[in-house]
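A short write-up of the structure that comes next.
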Amino acid sequence: MEHFLIITNQDKDINYLVTKRIAAYIEEAGKQVTLVGDPYDENFGNKIRDAHCAIVLGGDGTIIRAANGLMGLNIPILGVNLGTVGFLAEIEEHHVTQALDCLFRGEYRIEKRMMLEGNIQYHGIEAQIPKGDTGIKGYALNDIVIARKGFSRIIGLGIYVNDELIYRFRGDGVIISTPTGSTAYNLSAGGPLVIPDAYVMVITPICPHSLGLKSIVVSASDTIKVVIDKSTKNMDAEATATFDGNEGIDLGTDDFITIRKAQYDTILIKLSSTGIYEILQSKLRY
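Just so we're on the same page, the numbering used here is the position in the sequence shown counted from 1, plus 150.
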């Protein structure tokens, strides 16, 4: 590896103290380094040409944001945890120089994580989208969440897998999660933990008004469709869809979102031999 990007969460690395230290170490080794701010910045693409690795400083949110910005570019990510839990971060700040030495020597392995692609199709609120558009597409490394908007009433949802209805319920929403995202909102909502290199999708209802409604795990080759049902006889549903926790997209009655495995994977750099079950015990304290 000769060209390194450093993507920094400015709130986690005040005055770029860690960033500057890492950049200096890379340059002292005779390598090229490029400092990048927001991976969604309009100039981001011009800064990452010929990059061999992205070093991401922050927490899981920063790494997820970087993964979306780097999607399809085949640039592996090394996460450095400056946050709290840090499931996606490979190393802690005090191990940075040892990790860089491993990268310089080529002593690392690659782990691919599946992503989701969601296509929103509008029926009930077509007037809110640009003329000629039929919907919106988004991607997620963790999850796609369809939930009630603000303090609106509970929403009705129909969940389909390969066009077959698996359940219809009323509640606060539903989480469609990757294995990577199974330790996030999915876990808090009572969904299962899934090993990160699996290729499956997890469907987890959020506070369903139905006894015994549980999560369902489906294959990555399946297609999930979530349809917004009418809330009451006199009121259209008010829901919102979020991709990896980004700004919500409004949905109304009869709108739906189709979710499938994305074409691209997120590529993570792994340095340690620590197994996933040991990591879970350490991070979740069980």
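Heads up, the beta-carbon is just placed ideally off N, CA and C, and yes, glycines get one too. The model shown is predicted, which means the values in this text are computed figures rather than measured ones.
Beta bridge pairing from DSSP links Gly208 with Asn231. In this structure, the CA atom of Glu240 is about 11 Å from the CA atom of Gly208.
Distance from the Cα of Ile296 is smallest, within the candidate group Arg171, Pro358 and Gly180, for Pro358. Setting aside the 5 residues that flank it on each side, Val350 is surrounded in the same chain by Pro329, Val344, Val367, Val368, Ser369 and Ala370, each with a C-beta closer than 7 Å to its C-beta; the list follows chain order. Counting only residues of its own chain and dropping the five nearest sequence neighbours on each side, Thr392 has a CB closer than 6 Å to the CB of Val295 and Gly398. For Asp161 and Thr169, the gap between their C-alpha atoms comes out near 12 Å. Under the DSSP definition of a beta bridge, Thr354 partners with Ile325. Fewer than three pairs of CB atoms, one per stretch, sit closer than 8 Å, so the region 300-315 makes no contact with the region 259-274.
Within the same chain, no Cβ atom closer than 6 Å to the Cβ of Gly180 is found once the five residues on either side in sequence are excluded. The alpha carbon of Thr158 has as its nearest neighbour, out of Arg318, Ile316, Leu232 and Ile419, the alpha carbon of Leu232.
The C-beta of Ala290 has 16 or more other C-beta atoms within 10 Å across all chains shown, which makes the residue buried. Between Ile198 and Ala173 a beta carbon distance of about 15 Å is seen, past the 8 Å cut, so the two are scored as non-contacting. In terms of Cβ geometry, Met151 and Phe237 do not form a close pair [threshold 9 Å].
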